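Remarks on the structure that follows.
Residue numbers (the numbering used here): 35 to 202.
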(Lines of atoms letter the chains of each structure in order from A and count residues from 1; the text may use other names and numbers.)
(Lines give C-alpha, C1' and ligand atoms only; values in the text may rest on other atoms or scores of the structure.)
Protein backbone atom coordinates (compact mmCIF):
# COMPACT_ATOMS: atom_id res chain seq x y z
CA UNK A 1 0.00 0.00 0.00
CA UNK A 2 1.39 3.41 -0.92
CA UNK A 3 1.94 6.21 1.57
CA UNK A 4 -1.12 7.87 0.10
CA UNK A 5 -3.02 4.61 0.34
CA UNK A 6 -2.11 4.12 3.96
CA UNK A 7 -2.82 7.70 4.92
CA UNK A 8 -5.34 9.52 2.78
CA UNK A 9 -7.33 6.38 2.06
CA UNK A 10 -7.83 5.74 5.76
CA UNK A 11 -8.93 9.35 6.27
CA UNK A 12 -11.47 8.95 3.47
CA UNK A 13 -12.76 5.62 4.77
CA UNK A 14 -13.03 6.76 8.38
CA UNK A 15 -14.70 10.02 7.35
CA UNK A 16 -17.31 8.20 5.29
CA UNK A 17 -17.94 5.67 8.05
CA UNK A 18 -18.32 8.45 10.62
CA UNK A 19 -20.85 10.22 8.40
CA UNK A 20 -23.13 7.18 8.38
CA UNK A 21 -22.25 5.91 4.93
CA UNK A 22 -22.29 2.16 4.38
CA UNK A 23 -21.21 1.92 0.74
CA UNK A 24 -18.73 3.26 -1.79
CA UNK A 25 -19.81 2.95 -5.43
CA UNK A 26 -17.39 3.23 -8.28
CA UNK A 27 -15.23 2.24 -11.16
CA UNK A 28 -11.81 2.85 -9.65
CA UNK A 29 -9.27 2.11 -12.36
CA UNK A 30 -6.01 1.82 -10.46
CA UNK A 31 -3.51 3.75 -8.40
CA UNK A 32 -4.53 5.18 -5.08
CA UNK A 33 -8.20 4.51 -5.84
CA UNK A 34 -7.57 0.84 -5.16
CA UNK A 35 -6.13 1.85 -1.79
CA UNK A 36 -9.38 3.68 -1.04
CA UNK A 37 -11.36 0.54 -1.89
CA UNK A 38 -9.16 -1.50 0.48
CA UNK A 39 -9.36 1.05 3.29
CA UNK A 40 -13.14 1.34 2.89
CA UNK A 41 -13.59 -2.41 3.11
CA UNK A 42 -11.24 -2.60 6.12
CA UNK A 43 -13.56 -0.33 8.14
CA UNK A 44 -16.72 -2.13 7.04
CA UNK A 45 -17.83 -0.06 4.06
CA UNK A 46 -18.94 -2.19 1.14
CA UNK A 47 -17.49 -1.34 -2.27
CA UNK A 48 -19.94 -1.82 -5.13
CA UNK A 49 -18.42 -1.95 -8.60
CA UNK A 50 -20.51 -0.14 -11.21
CA UNK A 51 -20.64 -0.61 -14.97
CA UNK A 52 -19.69 3.02 -15.61
CA UNK A 53 -18.86 6.25 -13.83
CA UNK A 54 -22.23 7.88 -14.50
CA UNK A 55 -23.96 4.81 -13.08
CA UNK A 56 -21.71 4.84 -10.02
CA UNK A 57 -22.51 8.48 -9.31
CA UNK A 58 -26.25 7.93 -9.74
CA UNK A 59 -26.12 4.84 -7.50
CA UNK A 60 -24.29 6.80 -4.79
CA UNK A 61 -26.69 9.73 -5.12
CA UNK A 62 -29.70 7.43 -4.88
CA UNK A 63 -28.28 5.73 -1.80
CA UNK A 64 -27.70 9.15 -0.23
CA UNK A 65 -31.33 10.05 -0.92
CA UNK A 66 -32.66 6.83 0.59
CA UNK A 67 -30.36 6.78 3.63
CA UNK A 68 -30.06 10.49 4.36
CA UNK A 69 -26.28 10.05 4.72
CA UNK A 70 -23.53 11.17 2.36
CA UNK A 71 -22.35 8.50 -0.03
CA UNK A 72 -19.17 8.26 -2.07
CA UNK A 73 -18.47 7.58 -5.69
CA UNK A 74 -14.90 6.67 -6.68
CA UNK A 75 -13.65 7.13 -10.25
CA UNK A 76 -10.37 7.35 -12.08
CA UNK A 77 -8.85 10.55 -13.38
CA UNK A 78 -9.55 12.30 -16.65
CA UNK A 79 -12.17 10.41 -18.65
CA UNK A 80 -13.51 8.79 -15.47
CA UNK A 81 -14.14 12.17 -13.87
CA UNK A 82 -15.68 13.48 -17.10
CA UNK A 83 -18.02 10.49 -17.27
CA UNK A 84 -19.21 11.12 -13.71
CA UNK A 85 -20.50 14.62 -14.56
CA UNK A 86 -24.05 13.48 -15.42
CA UNK A 87 -24.35 11.66 -12.09
CA UNK A 88 -23.00 14.69 -10.25
CA UNK A 89 -25.53 16.90 -12.03
CA UNK A 90 -28.31 14.56 -10.94
CA UNK A 91 -27.10 14.77 -7.33
CA UNK A 92 -26.99 18.57 -7.57
CA UNK A 93 -30.49 18.82 -9.04
CA UNK A 94 -31.91 16.36 -6.49
CA UNK A 95 -29.90 17.93 -3.64
CA UNK A 96 -28.18 14.72 -2.60
CA UNK A 97 -24.95 14.63 -0.53
CA UNK A 98 -22.61 12.84 -2.91
CA UNK A 99 -18.84 12.75 -2.36
CA UNK A 100 -17.02 12.29 -5.67
CA UNK A 101 -13.49 10.94 -5.16
CA UNK A 102 -11.19 11.15 -8.16
CA UNK A 103 -7.70 9.95 -8.79
CA UNK A 104 -5.55 12.69 -10.29
CA UNK A 105 -2.12 13.38 -11.68
CA UNK A 106 0.09 14.26 -8.72
CA UNK A 107 0.92 17.90 -8.17
CA UNK A 108 4.60 16.96 -8.48
CA UNK A 109 4.06 15.39 -11.93
CA UNK A 110 1.42 17.79 -13.31
CA UNK A 111 3.75 19.49 -15.81
CA UNK A 112 5.33 16.21 -16.94
CA UNK A 113 2.37 13.82 -17.32
CA UNK A 114 -0.35 14.54 -19.84
CA UNK A 115 -2.03 11.12 -20.04
CA UNK A 116 -5.61 11.46 -18.76
CA UNK A 117 -4.72 14.81 -17.22
CA UNK A 118 -7.46 17.40 -17.15
CA UNK A 119 -8.27 20.11 -14.63
CA UNK A 120 -10.98 18.10 -12.89
CA UNK A 121 -11.80 20.81 -10.37
CA UNK A 122 -12.49 23.23 -13.23
CA UNK A 123 -14.54 20.60 -15.07
CA UNK A 124 -16.71 19.82 -12.05
CA UNK A 125 -17.18 23.26 -10.49
CA UNK A 126 -20.52 23.92 -12.21
CA UNK A 127 -22.17 20.83 -10.70
CA UNK A 128 -20.26 20.41 -7.42
CA UNK A 129 -20.94 22.64 -4.41
CA UNK A 130 -17.27 22.50 -3.51
CA UNK A 131 -14.07 20.97 -4.83
CA UNK A 132 -10.69 20.50 -3.19
CA UNK A 133 -7.50 18.50 -3.35
CA UNK A 134 -7.17 15.94 -0.60
CA UNK A 135 -3.42 16.01 -0.11
CA UNK A 136 -0.80 16.57 2.52
CA UNK A 137 -2.18 19.91 3.75
CA UNK A 138 -4.69 19.17 6.56
CA UNK A 139 -6.35 16.15 4.93
CA UNK A 140 -8.53 15.43 7.98
CA UNK A 141 -9.93 18.97 7.82
CA UNK A 142 -10.42 18.75 4.07
CA UNK A 143 -12.38 15.50 4.41
CA UNK A 144 -14.47 16.93 7.26
CA UNK A 145 -15.19 20.05 5.20
CA UNK A 146 -16.26 17.94 2.22
CA UNK A 147 -18.70 15.95 4.33
CA UNK A 148 -20.05 19.05 6.09
CA UNK A 149 -20.50 20.93 2.82
CA UNK A 150 -22.32 17.99 1.21
CA UNK A 151 -24.96 17.88 3.97
CA UNK A 152 -25.33 21.61 4.70
CA UNK A 153 -28.67 23.21 3.86
CA UNK A 154 -29.33 22.61 0.22
CA UNK A 155 -27.30 19.39 0.22
CA UNK A 156 -25.38 18.46 -2.89
CA UNK A 157 -22.31 16.88 -4.40
CA UNK A 158 -18.74 17.76 -3.52
CA UNK A 159 -15.52 16.69 -5.19
CA UNK A 160 -12.15 15.61 -3.83
CA UNK A 161 -9.07 15.04 -5.99
CA UNK A 162 -6.90 12.42 -4.25
CA UNK A 163 -3.34 13.67 -4.72
CA UNK A 164 -0.98 10.68 -4.97
CA UNK A 165 2.02 12.87 -4.10
CA UNK A 166 0.70 13.52 -0.58
CA UNK A 167 2.83 12.18 2.21
CA UNK A 168 1.94 11.40 5.76
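Glycine is no exception: its CB is placed at the ideal position from the N, C-alpha and C atoms.
Since we're looking at a predicted model, the values are computed, not measured.
Segment limits, beta strand (DSSP E) that includes residue i
i: residue 69; result: No beta strand (DSSP E) contains residue 69, which is instead part of the alpha helix (DSSP H) from 66 to 76.
i: residue 136; result: 132 to 137
i: residue 58; result: 57 to 61
Helix, strand or coil at residue i according to DSSP, with G and I counted as helix
i: residue 169; result: coil
i: residue 192; result: strand
i: residue 49; result: helix
i: residue 82; result: strand
i: residue 38; result: The predicted model places residue 38 with a pLDDT of 45, which falls under 50 and marks its position as unreliable, so this point remains unresolved.
i: residue 106; result: strand
i: residue 202; result: Any reading at residue 202 must be qualified, since the residue scores a pLDDT of 43, below 50, and its modelled position is unreliable; the value itself is stated next. If DSSP states are grouped into helix, strand and coil, residue 202 belongs with coil.
Beta-carbon proximity check, residue i vs residue j, cutoff 7 Å
i: residue 154; j: residue 197; result: no
i: residue 77; j: residue 108; result: no
i: residue 53; j: residue 103; result: yes
i: residue 61; j: residue 87; result: yes
i: residue 98; j: residue 122; result: no
i: residue 189; j: residue 129; result: yes
i: residue 45; j: residue 131; result: no
i: residue 74; j: residue 47; result: yes
i: residue 124; j: residue 95; result: yes
i: residue 164; j: residue 183; result: yes
i: residue 126; j: residue 161; result: yes
i: residue 181; j: residue 49; result: yes
i: residue 72; j: residue 110; result: no
Whole-Å CB distance - residue i paired with residue j, under 8 Å assumed
i: residue 192; j: residue 133; result: 6 Å
i: residue 274; j: residue 114; result: Look at the range of the chain in this structure, 35 to 202, and you will see that residue 274 is not part of it.
i: residue 70; j: residue 43; result: 5 Å
i: residue 106; j: residue 58; result: 5 Å
i: residue 112; j: residue 152; result: 5 Å
Residue interval of the alpha helix (DSSP H) (run including residue i)
i: residue 96; result: 87 to 101
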